[in-house]
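Input: a single structure, listed below in structure tokens.
Number of protein chains: 2
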Amino acid sequence: MSKTYLSLCISLTLFLCVHFLSFSQKLPEANEHFKIGMAGYTYHKFDLDRTLDDLATNQVKYLCIKDFHLPFNSSEQEIAAFHQKLAEKGVTGYAVGPIYMRSKADVDNAFDYAKRVGVKLIVGVPNHELLPYINEKVKAYDFKYAIHMHGPDIALYPDADDIWSHIKDLDPRMGMCLDIGHTARNGKDPVADLEKYNDRIFDMHIKDVTAASKEGKSIEIGRGILDIPALVQMLRKTGYSGVCSLEHERNFDNPFSGIAESIGYFRGVIVATKQ
Amino acid sequence: MSKTYLSLCISLTLFLCVHFLSFSQKLPEANEHFKIGMAGYTYHKFDLDRTLDDLATNQVKYLCIKDFHLPFNSSEQEIAAFHQKLAEKGVTGYAVGPIYMRSKADVDNAFDYAKRVGVKLIVGVPNHELLPYINEKVKAYDFKYAIHMHGPDIALYPDADDIWSHIKDLDPRMGMCLDIGHTARNGKDPVADLEKYNDRIFDMHIKDVTAASKEGKSIEIGRGILDIPALVQMLRKTGYSGVCSLEHERNFDNPFSGIAESIGYFRGVIVATKQ
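Chains as they are written, first to last, in UniProt numbering: chain P, 1 to 275; chain R, 1 to 275.
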């Protein structure tokens with residue numbers, strides 16, 4: 001444990017140094033309840049160093065950790081080294097996932113992993129029959145569990161309404177990751193979803209889509225059909241205090257320009273809707 | 001001349017094809033009077049092909065032509081080939097410059113070049129004593145002449161007020177390229193400048209800066225001190241119908257992420273201020 005403590009101290013010192021030395025600029029979201037982050041999946045073709053470089057380029061401070069950047073079987077030392085690397089760029093790993101869970105063993109592993117990583121939010125895709133078991137786990141661990149939605153592509157959890165139907169009678173720590181693109185592709189209104197289910201929305205995937213149907217493709221924020229100003233206003237109205245993580249699912253081999261454009265657009269909307 | 005005509009026909013056909021085949025998406029600025037473009041200087045380390053690729057990536061349709069992409073001594077055929085290349089990407093070269101002019105010969109060359117290129121707007125940096133001569137040229141050619149400003153860095157034309165003092169008694173076709181960053185670095189308010197001098201603003205350089213002083217550096221739009229929502233509102237109020245050309249002057253060896261972020265931010269502000 002003392003090694004972990006030492007690592008955390010080093011991480012904190014490095015974080016403060018980076019913070020102090022960087023151009024003292026206030027990000028557009030600095031006065032908002034919500035934060036801007038990145039879904040690790042966006043960088044699934046790139047290693048952690050390249051990922052962190054791009055987060056720094058885009059001044060993104062929150063990362064949802066995917067297992068290809070930090071494997072499930074990572075040791076305590078590897079996890080400490082991971083956090084230190086993030087801290088050097090001023091980045092916080094705020095959650096893990098999405099993690100598919102098809103058995104109780106998968107659930108146990110995921111909760112154990114999240115605990116060792118030191119986060120209290122899991123983004124998951126659990127088989128329906130596992131929900132009662134997960135419901136007990138969130139109580140035992142005092143974690144939040146955000147079910148991931150995937151629109152019309154797969155049957156498991158297409159949209160926010162579907163997830164709500166499965167969690168409404170469960171512990172309030174059972175919620176969802178609102179993917180505004182996928183719920184729109186399933187014919188729903190993500191802004192209305194945000195208002196309706198705000199108590200149970202623990203994470204968000206921000207993106208844009210070319211159409212409100214199965215044929216809709218993920219695209220740079222602002223190029224598609226979603227009403228981003230309305231979304232930002234609803235983030236404020238509901239007081240959403242989690243992370244809005246960009247999940248950019250286009251040009252996976254070279255997503256950097258699209259990421260920058262999307263983050264720029266989102267911040268432009270944040271600033272302009274303050275007026 | 002028939003060769004030029006043929007080239008223009010081919011260009012037009014290619015433009016229409018590209019236009020027709022591309023994702024039928026309405027750009028945020030589609031319903032505005034102003035357009036979004038790019039100052040060629042942004043890509044001064046890259047050739048025309050790489051430049052046009054990036055304009056396509058960012059859906060930018062207007063380019064202010066710099067001579068490193070189309071040399072002053074280009075032949076009629078080279079100019080036609082240049083326009084054809086632009087048309088293949090749906091890009092219009094709307095002006096030439098900035099061009100430094102230190103003698104009457106420089107002025108003659110610049111006007112001759114612009115005429116051969118087929119644009120009616122020159123962005124220039126002329127010595128003061130040449131202004132009466134240029135004033136006669138704009139009448140003879142029926143061109144517009146936009147004097148480029150450069151803040152506190154060089155004595156010639158630091159800001160909009162200075163340019164106005166030199167052109168106010170000249171032909172109304174004598175105007176300026178409002179560089180919102182440089183005029184701000186000279187202690188002026190670019191939004192007020194836009195309102196004050198809107199009759200004489202024929203081109204704009206959009207950028208952001210870290211400080212309203214000589215020490216201020218060019219930075220991605222939205223990261224600096226400029227009030228971009230107020231600028232966009234003033235573009236609407238004044239009915240500015242020219243191009244807002246991004247002049248990104250940072251990370252010249254790899255400006256692409258910064259360009260995408262800046263264009264994204266600007267478009268986010270355009271959309272959000274419509275509400």
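C-beta: ideal position from N, C-alpha, C; glycine also.
Because the structure is a prediction, the values reported are computed rather than measured.
_DSSP three-state assignment for T92/R, whether helix, strand or coil_ = As a first step, residue 92/R is located in the second sequence; it is residue number 92 there, counting from the start. Looking at T92/R - three-state DSSP - the assignment turns out to be strand.
*For F72/P, which residues of its own chain have a beta-carbon under 7 Å away from its beta-carbon, when the five flanking residues on both sides are left out?*
Position 72 of the first sequence, counted from the start, is the residue given in the question as residue 72/P. N109 and Y113.
*Which residue or residues does DSSP assign as beta-bridge partners of D203/P?*
The residue given as residue 203/P occupies position 203 in the first sequence. Answer is C177/P, bridged to D203/P.
*Which of the three DSSP states, helix, strand or coil, is assigned to G97/P?*
Your numbering for residue 97/P matches position 97 in the first sequence. Strand.
*asked:* 8 Å is my cut-off, CB to CB: does V18/P come that close to chain R?
replied: Numbered from 1 along the first sequence, position 18 holds the residue referred to as residue 18/P. Confidence at V18/P is low in this model, with a pLDDT of 42, below 50, so the placement of that residue should be treated as unreliable; the coordinate-derived value is given next. V18/P does not count as touching chain R.
*Is the Cβ of R173/R closer than 8 Å to any Cβ of chain P?*
Translated into positions along the second sequence, residue 173/R becomes position 173. No, R173/R lies away from the interface with chain P (no Cβ there is under 8 Å from its Cβ).
*Between L63/R, I201/R and S262/R, which lies nearest to S218/R when the distance is taken from Cα to Cα?*
As a working note, residue 218/R is residue 218 in the second sequence. Out of L63/R, I201/R and S262/R, S262/R has the C-alpha closest to the C-alpha of S218/R.
*Buried or exposed (CB count within 10 angstroms, at least 16 for buried), K144/P*: The sequence position of residue 144/P within the first sequence is 144, counting from 1. Buried, because 16 or more other Cβ atoms sit within 10 Å of the Cβ of K144/P.
*asked:* Run through chain P and tell me which residues come within less than 7 Å of E88/R, C-beta to C-beta.
replied: Taking the second sequence and counting its residues from 1, the one referred to as residue 88/R is at position 88. Residues of chain P passing the Cβ test: none, with the nearest at roughly 20 Å.
_Quick check: the Cα distance between D47/P and D53/P, rounded to an integer number of angstroms?_
Position 47 of the first sequence holds residue 47/P. Position 53 of the first sequence holds residue 53/P. Rounded to the nearest angstrom, the two C-alpha atoms are 10 Å apart.
_Is F34/P close to chain R? Criterion is C-beta to C-beta, closer than 8 Å._
The sequence position of residue 34/P within the first sequence is 34, counting from 1. So no, F34/P is outside the interface.
*asked:* Can you check which of these residues, E136/R, I134/R, Y197/R and P132/R, is closest to E162/R by C-alpha distance?
replied: As a first step, residue 162/R must be located in the second sequence, where it is residue number 162. For the record, residue 162/R in the displayed sequence is Asp; it is not Glu. Of E136/R, I134/R, Y197/R and P132/R, the residue nearest in Cα terms is Y197/R.
*Should I201/R be flagged as near chain P, meaning a C-beta pair shorter than 8 Å?*
Counting from 1 along the second sequence, the entry for residue 201/R is found at position 201. It does not; no Cβ of chain P falls within 8 Å.
*Using the rule of at least 16 other Cβ atoms within 10 Å of the residue's Cβ for burial, across every protein chain shown, is K237/R buried or exposed?*
The residue labelled residue 237/R in the question sits at position 237 within the second sequence. By the 16-neighbour rule on beta-carbons within 10 angstroms, K237/R is exposed.
*Under 9 Å (Cβ pairs) to chain R, residues found in the stretch 256-271 of chain P*: F256, S257, G258, I259, A260, E261, S262, I263, G264, Y265, F266, R267, G268, V269, I270 and V271
*Inter-residue spacing [alpha-carbon to alpha-carbon] between S62/P and F34/P*: The sequence position of residue 62/P within the first sequence is 62, counting from 1. The sequence position of residue 34/P within the first sequence is 34, counting from 1. Sequence inspection shows Tyr at residue 62/P; the Ser mentioned does not correspond to that position. So the two alpha carbons sit approximately 11 Å from each other.
_Identity of the residues DSSP links to D208/P by a beta bridge_ = Looking up residue 208/P in the first sequence gives position 208. Bridge partners of D208/P: I219/P.
*Do S257/P and A260/R come within 8 Å of each other at the CB atom, strictly closer than that value?*
The residue labelled residue 260/R in the question sits at position 260 within the second sequence. The residue labelled residue 257/P in the question sits at position 257 within the first sequence. Yes.
_So, at 7 Å on beta carbons, what are the nonlocal neighbours of L16/R in its own chain, with the 5 sequence-adjacent residues on each side left out?_
In the second sequence, the residue the question calls residue 16/R occupies position 16. Any reading at L16/R is ruled out, since the residue's pLDDT is 42, under 50, leaving its predicted position unreliable.
*asked:* Any beta carbon of chain C sitting closer than 8 Å to that of P98/R?
replied: In summary, chain C is missing from the structure at hand, where the protein chains are P and R.
*Does the beta-carbon distance from K66/P to Y41/P come in below 8 Å?*
As a working mapping, residue 66/P is identified with position 66 in the first sequence. As a working mapping, residue 41/P is identified with position 41 in the first sequence. Yes, the Cβ-Cβ distance between K66/P and Y41/P is below 8 Å.
*Determine the extent of the alpha helix (DSSP H) in which S245/R is found, giving its start and end residues.*
Within the second sequence, numbered from 1, the residue matching residue 245/R stands at position 245. Here S245/R belongs to no alpha helix (DSSP H); instead the beta strand (DSSP E) covers V243 to L246.
*Between which two residues does the beta strand (DSSP E) containing M149/R stretch?*
Mapped onto the second sequence, residue 149/R falls at position 149. No beta strand (DSSP E) holds M149/R; DSSP gives it neither H nor E.
*asked:* Is the beta carbon of I270/P closer than 8 Å to that of E32/P?
replied: Locating residue 32/P in the first sequence gives position 32, counting from the first residue. Locating residue 270/P in the first sequence gives position 270, counting from the first residue. Taking 8 Å as the Cβ cut-off, E32/P and I270/P qualify as a contacting pair.
*By the criterion of Cβ-Cβ separation under 8 Å, what are the contact partners of I180/R in chain P?*
The sequence position of residue 180/R within the second sequence is 180, counting from 1. Result: empty, since nearest Cβ-Cβ is about 15 Å, beyond 8 Å.
*Per DSSP, what kind of secondary structure is L63/R in: helix, strand or coil?*
Against the second sequence, residue 63/R aligns to sequence position 63. Secondary structure at L63/R: strand, using DSSP grouped into helix, strand and coil.
*Spell out a yes or no on whether the stretch 154-171 of chain P and the stretch 125-138 of chain P are touching, meaning 3 or more CB-CB pairs, one atom from each, closer than 8 Å.*
yes
*By the 10 Å Cβ neighbour count, where 16 or more other Cβ atoms means buried, how is E220/P classified, buried or exposed?*
What you label residue 220/P is simply residue 220 of the first sequence in a count that begins at 1. So E220/P ends up on the buried side.
*What did DSSP end up calling G124/R once you bin it into helix, strand or coil?*
What you label residue 124/R is simply residue 124 of the second sequence in a count that begins at 1. Here G124/R sits in strand by DSSP.
*How about D208/P: is its Cβ closer than 7 Å to a heavy atom in the ligand ZN?*
Only the bare structure without any ligand can be found here, which leaves the ligand ZN out of the picture.
*Along the chain, where does the beta strand (DSSP E) that runs through residue 351/P open and close?*
Past the edges of chain P, shown from 1 to 275, lies residue 351/P, and the structure says nothing about it.
*Select from A160/R, L70/R, I180/R and Y43/R the residue whose C-alpha is nearest the C-alpha of G224/R.*
As a first step, residue 224/R must be located in the second sequence, where it is residue number 224. When each option's Cα is compared against that of G224/R, the closest is I180/R.
*Between H44/P and F252/P, what straight-line distance do the alpha-carbon atoms span, to the nearest angstrom?*
Within the first sequence, residue 44/P is the residue found at index 44, counting from 1. Within the first sequence, residue 252/P is the residue found at index 252, counting from 1. Distance between the alpha carbons of H44/P and F252/P is about 8 Å.
_Tell me which residues share the same chain as T273/R and place their Cβ nearer than 7 Å to its Cβ, disregarding the 5 neighbours each side in the sequence._
The residue given as residue 273/R occupies position 273 in the second sequence. Counting only Cβ-Cβ distances below 7 Å, and skipping sequence neighbours, we find P229, V232 and Q233.
*Note the first and the last residue of the continuous alpha helix (DSSP H) segment covering G239/R.*
Against the second sequence, residue 239/R aligns to sequence position 239. Counting along the chain, G239/R falls outside any alpha helix (DSSP H), and DSSP gives it neither H nor E.
_Rounding to the nearest angstrom, what Cα-Cα distance links G268/P and I36/P in this structure?_
Here residue 268/P refers to the residue found at position 268 when the first sequence is read from its first residue. Here residue 36/P refers to the residue found at position 36 when the first sequence is read from its first residue. Cα to Cα, the separation comes out at about 13 Å.
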